[in-house]
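Take a look at the structure set out below.
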Amino acid sequence: MKVVVGSRNPAKIEGVKLAFSRFFYDVEVVGKHVSSGVADQPFDGETVKGAINRAINAYSGEFDFSVGIEAGLFRLKNTATGYLDFQVAAVYNGSRVTIGFGPGFEYPPAVVSEVLKGREVGDVMDEITGIERLGEKQGAIGYLTKGAVTRSELTRIAVTMALIPWINPDLYF
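Okay, here's the thing in structure tokens:
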């Protein structure tokens, strides 16, 4: 099975491979740089749209599936900052898109404050942690959970959720 990810981020590619390998054999996953068509720092439904756009823009007939991954901040009451970060996965086969979310978590208030001023989460987290390109390694989630959950694992969970209809086609299609 051949799968393309609408990103060249190694953490995202690894997470996609982990998810697909649980359900399919001989999985080959490659990354491809594509546009999300949304802001560099998406909020709310724009995050879902970005994941879908990445999946569609990465797809070609040489692949069985394409996957778009987009992380963004979702407005949510009763949180310290008013926002939770969710990673969204879209899986596409050339005609149908399915969506999945990873677990949500809150960034520190100082991060959200900077993002609301127009900065990207990744840039702020790189600065705070002193780790260059943190999002391509353990990710902010890896740093914040002290390694208990990495960006690859967060991606694996989101992609697994998006794969549910594909592994249960009799229930969904």
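First residue of the sequence shown? That's -17 in the numbering used here, and the numbers climb one at a time after it. In this text, a Cβ means the ideal position worked out from N, Cα and C, and glycines have one as well. Computed from a prediction, not measured in an experiment: that's the story for all the values here.
By the criterion of a C-beta distance shorter than 7 Å, PRO24 is surrounded in its chain by GLY32, GLU52, GLY54, once the five residues flanking it on both sides are discounted. Boundaries of the alpha helix (DSSP H) harbouring TYR154: 151 to 154, taken from the DSSP string.
With contacts defined as CB atoms closer than 9 Å, LEU136 and PRO85 qualify as a contacting pair. Proximity of the segment 32 to 47 to the segment -14 to -7 meets the contact definition, three or more beta-carbon pairs being nearer than 8 Å.
Where SER48 is concerned, there is no enclosing alpha helix (DSSP H), although the beta strand (DSSP E) around it starts and stops at 47 to 57.
Contact check for GLY124 and ARG133: beta-carbon distance about 6 Å, within the 8 Å limit, so the pair qualifies. Nearest in C-alpha terms to PRO147, of all of GLY117, VAL79, GLU102, ILE139, is VAL79. Between TYR89 and ASP105 a beta carbon distance of about 13 Å is seen, past the 8 Å cut, so the two are scored as non-contacting.
Under DSSP, THR80 forms a beta bridge with VAL73. Every alpha helix (DSSP H) of 4 residues or more that sits fully in the segment -13 to 22 is shown, in chain order, as -8 to 3. ALA71 places its beta carbon less than 9 Å from that of ALA140. Per DSSP, ASP26 lies in no alpha helix (DSSP H) and is assigned neither H nor E. For ILE123, the enclosing alpha helix (DSSP H) starts and ends at 121 to 126. Comparing alpha-carbon positions, the option among LEU126, SER48, THR61 lying closest to VAL16 turns out to be SER48. With respect to the C-alpha of ILE(-5), the residue from TYR74, GLY64, LYS119, ASP46 having the closest C-alpha is LYS119.
Per the DSSP secondary-structure output, VAL94 pairs with nothing in a beta bridge.
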